Amino acid sequence: MSKIKVGVVGTGFIGPAHIEALRRLPNIEVVALCEVNIELATAKAAQLGIERPCTFDELLAMPDIQCVHICTPNFLHYSQSKAALLAGKHVVCEKPLAKDLHEAEELVALAAKTGLVNAVHFNLRYYPLVRQMKMMREKGELGDIYSVIGSYLQDWLFYATDYNWRLEPDKSGDSRAIADIGSHLMDLIEYVTGLKTVEVMADFNTVHKNRKKPLKPVETYSGKMLQPEDYADVPINTEDHANVLLRFDNGNRGSITVSQVSAGRKNQLKVEISGSVKTLAWNSEAPNEIWIGSRDGANSLLMRDPSLVHEEVRSLITYPGGHNEGFGDTSKQLFKEVYEAVAANKMPENPKFPTFADGYRELLICERILESSRSDKWVKV
Ligand code: SOE
175 MSKIKVGVVG TGFIGPAHIE ALRRLPNIEV VALCEVNIEL ATAKAAQLGI
225 ERPCTFDELL AMPDIQCVHI CTPNFLHYSQ SKAALLAGKH VVCEKPLAKD
275 LHEAEELVAL AAKTGLVNAV HFNLRYYPLV RQMKMMREKG ELGDIYSVIG
325 SYLQDWLFYA TDYNWRLEPD KSGDSRAIAD IGSHLMDLIE YVTGLKTVEV
375 MADFNTVHKN RKKPLKPVET YSGKMLQPED YADVPINTED HANVLLRFDN
425 GNRGSITVSQ VSAGRKNQLK VEISGSVKTL AWNSEAPNEI WIGSRDGANS
475 LLMRDPSLVH EEVRSLITYP GGHNEGFGDT SKQLFKEVYE AVAANKMPEN
525 PKFPTFADGY RELLICERIL ESSRSDKWVK V
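Counting from 1 along the sequence shown, just add 174 to a position and that's the residue number in my numbering.
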């Protein structure tokens with residue numbers, strides 16, 4: 175059986191996660207790796223056991239590469255996705271799809287025109303119990319949605335000396351916490367509830383108005399403590415923390431909080447969806463259970479177990495109940511659905527996986543949230 179050959183661009187945190195997930199699928203082979211220069215690509219390819227280190231142009235010129243994963247900083251997503259589509263490659267792009275709405279709009283149109291498979295890595299949808307919550311709502315088990323409360327909390331930017339390209343608007347865009355992790359949260363809320371966000375009211379806060387940017391590469395775990403002269407003071411104008419009020423198309427309300435300076439919260443998305451029949455609550459740091467709230471009886475805890483979930487969820491579960499599945503499994507499950515389309519060499523009529531259109535939708539909401547934070551006014555989506 176010939177395998178689908180794949181190239182990956184970018185090897186920060188998420189690129190290797192894509193590679194690992196792709197390697198767990200029997201019909202896929204990651205054969206090419208591209209980075210900012212051929213030296214780094216060669217070193218990373220050796221480290222990750224990939225045969226062809228290459229430049230981006232070389233990757234697109236390889237006739238046997240069918241699909242390209244864009245895992246680079248946000249500012250490169252548009253140009254690289256566009257070039258890959260024009261080169262006839264299917265594309266899986268990291269979120270956010272682009273740095274601004276016009277770029278995203280152009281990518282959606284180009285992808286539709288080429289008919290190529292296009293996906294955005296909203297992988298948090300692929301925790302099995304997230305799809306279970308969606309199916310429970312679709313089957314009426316929640317009733318009408320009364321309210322939604324969401325949060326996404328991290329602490330990797332907790333100290334003023336924590337520094338990363340995401341702090342630089344020219345690389346990450348004008349919104350940081352909302353665009354980076356709020357995008358996952360807003361996508362998941364609309365995916366599970368089926369509601370559309372129609373109006374937003376946002377309040378951003380930059381806790382660290384200045385950060386210390388290391389003037390030299392900081393080798394991981396080098397143990398070498400940097401001295402004060404090793405840092406430059408950098409003014410920061412993107413949000414560490416944001417509260418956003420939401421109005422939905424069913425007339426009811428929600429609110430979200432995102433933060434990248436919440437000590438102890440390593441990567442915690444929480445959502446609580448209150449319906450006219452039940453409430454569902456789910457926590458990405460304990461993803462194998464859903465809390466189910468009732469007015470007239472005992473509350474319950476649904477454990478991830480293929481025998482306990484709806485039929486439509488079973489394809490996302492590999493291991494029996496109690497054999498927990500987590501973050502790394504979500505990408506494998508997402509790619510399984512994407513590569514069914516790649517194997518067929520065309521987009522399905524109604525893709526189950528998140529597409530460039532979902533990436534555009536997400537960016538639209540984020541841009542309206544940013545607009546509201548600047549105007550201190552309610553903004554329609
Ligand atoms: C950093 O906030 C980050 O790596 C995000 O970019 C990812 O999308 C999220 O899954 C984990 O945290």
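Yeah, the Cβ is synthetic: ideal placement off N, Cα and C, and Gly gets one too.
Quantities reported herein were computed from a predicted structural model and do not represent experimental measurements.
What are the complete alpha helix (DSSP H) segments, minimum 4 residues, inside the stretch 473–531? 501–518
Reduced DSSP secondary structure (H/G/I, E/B, other) of residue 241: In the sequence shown, counting from the first residue as 1, residue 241 sits at position 67. In this structure, residue 241 counts as strand in the three-state DSSP scheme.
Could you tell me which of 295, 219, 343 and 211 sits nearest to residue 181, measuring between CA atoms? Walking along the sequence shown from the start, residue 181 turns up at place 7. The residue with the shortest Cα to Cα distance from residue 181 is 219.
On the DSSP bridge assignment, give the partners of residue 264 in chain order. On the sequence shown, position 90 is the one that residue 264 refers to. According to DSSP, which records beta bridges pairwise, residue 264 is partnered with 241.
Mark residue 456 as exposed unless 16 or more other C-beta atoms lie within 10 angstroms of its C-beta, in which case mark it buried. Residue 456 sits at position 282 when you count from the first residue of the sequence shown. Burial call: buried.
Need the endpoints of the alpha helix (DSSP H) that residue 442 sits in, please. Counting from 1 along the sequence shown, the entry for residue 442 is found at position 268. Looking at the DSSP string, residue 442 is not in any alpha helix (DSSP H); the run it does join, the beta strand (DSSP E), is 442–449.
Euclidean distance between Cα positions of residue 499 and residue 462: On the sequence shown, position 325 is the one that residue 499 refers to. On the sequence shown, position 288 is the one that residue 462 refers to. One C-alpha to the other measures close to 7 Å.
May I ask you to verify whether the stretch 183–202 touches the stretch 508–520, counting CB pairs closer than 8 Å and requiring at least 3? yes
CB-CB under 8 Å to residue 235, same chain, minus the five flanking residues each way: which ones, in chain order? Taking the sequence shown and counting its residues from 1, the one referred to as residue 235 is at position 61. Excluding positions up to five away in sequence, the list reads 261.
Bridge partner(s) assigned by DSSP for residue 415: As a working note, residue 415 is residue 241 in the sequence shown. Beta-bridge pairing links residue 415 to 379 and 433.
If you reduce the DSSP assignment to three classes, tell me which class residue 305 lands in. Indexing the sequence shown from 1 puts residue 305 at position 131. Residue state, collapsed to three classes: helix.
Given the structure, does residue 187 come close to the ligand SOE, in the sense that its CB is under 6 Å from one of the ligand's heavy atoms? Here residue 187 refers to the residue found at position 13 when the sequence shown is read from its first residue. Result yes, Cβ under 6 Å from the ligand SOE.
Return helix, strand or coil for residue 330, following the three-state DSSP convention. Here residue 330 is taken as the residue at index 156 of the sequence shown, counted from 1. Coil.
Per-residue burial, residue 516 [other beta carbons within 10 Å of its own, 16 or more giving buried]: Translated into positions along the sequence shown, residue 516 becomes position 342. Buried is the call here.
What separation, rounded to the nearest whole angstrom, lies between the Cα atoms of residue 359 and residue 474? Sequence index remark: in the sequence shown, residue 359 carries index 185 (1-based). Sequence index remark: in the sequence shown, residue 474 carries index 300 (1-based). Looking at the two C-alpha atoms, the distance is approximately 24 Å.
Say yes only if the C-beta of residue 248 is nearer than 6 Å to one or more non-hydrogen atoms of the ligand SOE, and no if none qualify. Taking the first residue of the sequence shown as 1, we reach residue 248 at position 74. It does not: the Cβ of residue 248 is nowhere closer than 6 Å to a heavy atom of the ligand SOE.
If we count the other Cβ atoms within 10 Å of its Cβ and call it buried at 16 or more, is residue 536 buried or exposed? As a working note, residue 536 is residue 362 in the sequence shown. Residue 536 is buried by the Cβ-count criterion.
What is the DSSP secondary structure of residue 178, reduced to helix, strand or coil? On the sequence shown, position 4 is the one that residue 178 refers to. Residue state, collapsed to three classes: strand.
Under 6 Å: does the beta carbon of residue 491 sit that close to some heavy atom of the ligand SOE? As a working mapping, residue 491 is identified with position 317 in the sequence shown. Answer for residue 491: no, Cβ out of range of the ligand SOE.
Give the range of the alpha helix (DSSP H) segment to which residue 407 is assigned. The residue you call residue 407 lines up with position 233 of the sequence shown. Element bounds for residue 407: not the alpha helix (DSSP H) but the beta strand (DSSP E), 405–409.
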